[in-house]
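Chains as they are written, first to last, in my numbering: chain A, 1 to 235; chain B, 1 to 235. All C-beta atoms, glycine included, are put in the ideal place defined by N, C-alpha and C. A quick note: this is a predicted structure, and the numbers were derived from the prediction, not measured. Single-structure report; data block below.
Protein chains: 2
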Amino acid sequence: MTDRLLPSSKALTIATEVRRRIVDREWRQGDRIPDEAALAVEFGVARATVNKALQLLADEGLLDRKRRAGTHVTINPARKATFTIPIVREQIEAAGMVYSHRVVAQKIRPAPAEIAARMGEPEGAAMIHLRTVHFGDAKPFQLEDRWINPRAAPGVEAVDFQRNNPNEWLVRNYPWLRGQLAFSAENADARDARLLETRQGTALLILQRTTWNDLGAITSVRLAFHPGYCMVAIP
Amino acid sequence: MTDRLLPSSKALTIATEVRRRIVDREWRQGDRIPDEAALAVEFGVARATVNKALQLLADEGLLDRKRRAGTHVTINPARKATFTIPIVREQIEAAGMVYSHRVVAQKIRPAPAEIAARMGEPEGAAMIHLRTVHFGDAKPFQLEDRWINPRAAPGVEAVDFQRNNPNEWLVRNYPWLRGQLAFSAENADARDARLLETRQGTALLILQRTTWNDLGAITSVRLAFHPGYCMVAIP
DNA sequence: GATTTTTCTATGTCTAAACTTAATCAAATT
DNA sequence: AATTTGATTAAGTTTAGACATAGAAAAATC
């Protein structure tokens, strides 16, 4: 009943035990907990091992650690959630559906003001503009509206995106250094509705993402998910 | 031009340099990179330091590491994004607005099927149901629809949620062990629209969250943000 | 009393060395 | 040919010890 899983390393065992003490309120919010040296003695391990365990909990947001001041249980634990940015095809195939995609527009165009600003590129800079629909079992799953900066991704002009999913090609060929990501909700406009085969005005989950490498902004994309889609994170 | 920031530790310096080699395509996707011992020699540090740096990049999703097989650059880097689950009051105050909240409903009620299932509690179990509107400068910012399980959070029945923001009280008093979090989009229904002072049908960003501790599900909440709200994550 | 300086301590980081473990490859066996 | 066994390798983990450093507390100064 006490141990649920077997955290195979000493550091994880200690982290789990300390987490339990916090959740079970043996150590209350704001309390100072024993220092690393003391816990090392208690658990019969080296201080470095305790350090690793407590760092983990500090990363989780459960502990506040300061030199000399010691380690305290966070008062207002603004915990973090991470989620993996999904690759559409894998996502669809993981759900047991057959993946396909259709590029409905591909054109080299000057970047409109809003996109250029988001990417930090001059307004009107030539970019590749792509609109793609991703299908699961022939039902529209996701609508992708993407701008690609050929100056940050040399060679991209020559890619046939009918065959290569643009996201996958970029991710495989141009890893990014820095990214920005935002969720929002929008009412489907006429085009969204037509491509996602839904009614205008339907609420859509929107994921807006821009990525950069050493050469500048690689790409900026707006993903509109099919109505009812739910994006799950693991905290 | 080369170093943008000063990663004050050797491990971070190495991680930054390895990340650069990947982004600059000196080490391509799928390539095997030199082993820890070799990198330790190259950078003039102990192997443990290289290990720490490479673990960091593996956590980021840039590297795949396997015993005996070595370290490879991830072929399809499904990178992760983390975002801190915000505390409404802090979020509103950080934006320079004045925070206030109003509990529009508070009642002990049997949990409806959907909520009970989500929380893993028996259908019809007595729970505290709360509906709260959070305001920034007197404008509705977020609508909170929360179910609290008094069996996992003893003492919650006695709390005056008119004075204590329910989220903050829970977070401060009952840290959770496990959580579930999902984003979606919904068209505002009549009540959403009235409480958020918008029109029915407007697309709303919905955040659904459930948390557990040793005793079971603590709370399950549906947060509806004001129209146009954007939830930003860091890499 | 207010400010600056010094001291001291708990965490942060690193090292060198050892041991553990998963997985690969090759050799031996069925 | 297929399977088992065993050696080897590279990452995973831990340890003891050391030094660095932030920053709280105490001491010294103004």
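At a cut-off of 8 Å between C-beta atoms, T84(B) counts as an interface residue with respect to chain A.
Within the segment 47 to 106 of chain B, complete beta strand (DSSP E) segments of at least 3 residues are found at 63 to 66, 70 to 73, 80 to 84, given in chain order.
Identification of chain A residues near A94(B) by a Cβ-Cβ cut-off of 7 Å yields none; the smallest Cβ-Cβ distance measures about 11 Å. According to the DSSP assignment, P166(A) belongs to the alpha helix (DSSP H) that extends over 166 to 173. Interface with chain B (8 Å Cβ-Cβ cutoff): F141(A) is excluded. Chain order gives the chain A residues near Y229(B) as S184, where near means a beta carbon separation below 7 Å. Contact with chain B is found for T202(A), since one of that chain's Cβ atoms lies less than 8 Å from the residue's Cβ. The beta carbon of L39(B) lies closer than 6 Å to those of V50 in the same chain, with the five residues before and after it left out. At a Cβ-Cβ threshold of 8 Å, W147(A) and S220(A) count as neighbours.
Cβ neighbours of A95(A) within its own chain (closer than 7 Å, five residues either side excluded): G136. For F183(A), the enclosing beta strand (DSSP E) begins and ends at 178 to 187.
The contact set of P175(B) on chain A, defined by CB atoms closer than 7 Å, consists of I22, V23, L62, P77 in chain order. Of the candidates Q29(A), A69(A), E90(A), the residue whose Cα lies closest to the Cα of N167(A) is E90(A). By the Cβ criterion, the segment 54 to 73 of chain B is not in contact with the segment 101 to 112 of chain B, since fewer than three pairs of Cβ atoms, one from each stretch, lie closer than 8 Å. With distances taken between CA atoms, F83(B) lies nearest to K80(A) out of T84(A), I85(A), K80(A).
The beta carbon of D214(B) sits closer than 8 Å to some beta carbon of chain A. CA-CA distance, P150(B) to V156(B), rounds to 6 Å.
Counting the other Cβ atoms within 10 Å of the Cβ of R209(B) gives 16 or more, which makes it buried.
The Cβ atoms of T74(A) and R32(A) do not sit closer than 8 Å to each other.
The alpha-carbon of D189(A) is positioned some 40 Å away from that of E121(B). One finds N187, G201, T202, A203 in chain B with Cβ atoms closer than 8 Å to the Cβ of N187(A), taken in chain order. Between E197(A) and P140(A), the gap from beta carbon to beta carbon is short of 8 Å. One Cα belongs to G179(B), the other to A125(A), and the distance between them is close to 44 Å. Secondary structure at L39(B): helix, using DSSP grouped into helix, strand and coil. The closest CA to that of D160(B), considering only Q142(B), L130(B), W176(B), is found on L130(B). Under the Cβ criterion of 8 Å, K10(B) is not counted among the residues facing chain A.
Against chain A, the CB of A81(B) has a partner CB under 8 Å away; the residue lies at that interface. Residue range 139 to 148 is occupied by the beta strand (DSSP E) that includes D145(B).
In the structure shown, the three-state DSSP call for T16(A) is helix. The beta-carbon of Q29(A) is placed less than 8 Å from the nearest beta-carbon of chain B.
In the displayed model, A152(A) falls within coil according to three-state DSSP, outside both helix and strand.
Neighbours of V171(A) in chain B, taken as residues whose beta carbon is under 7 Å from its own, are N76, P77 in chain order. With the criterion set as a beta carbon lying under 8 Å from some beta carbon of chain A, the members of the segment 35 to 67 of chain B are G61, L62, in sequence order. Cβ neighbours of Q29(A) within its own chain (closer than 6 Å, five residues either side excluded): V73, I75. Between the alpha carbons of L207(A) and M119(A) lies a gap of roughly 16 Å. Ranked by Cα distance from D192(A), the options P77(A), N165(A), L205(A) are led by L205(A).
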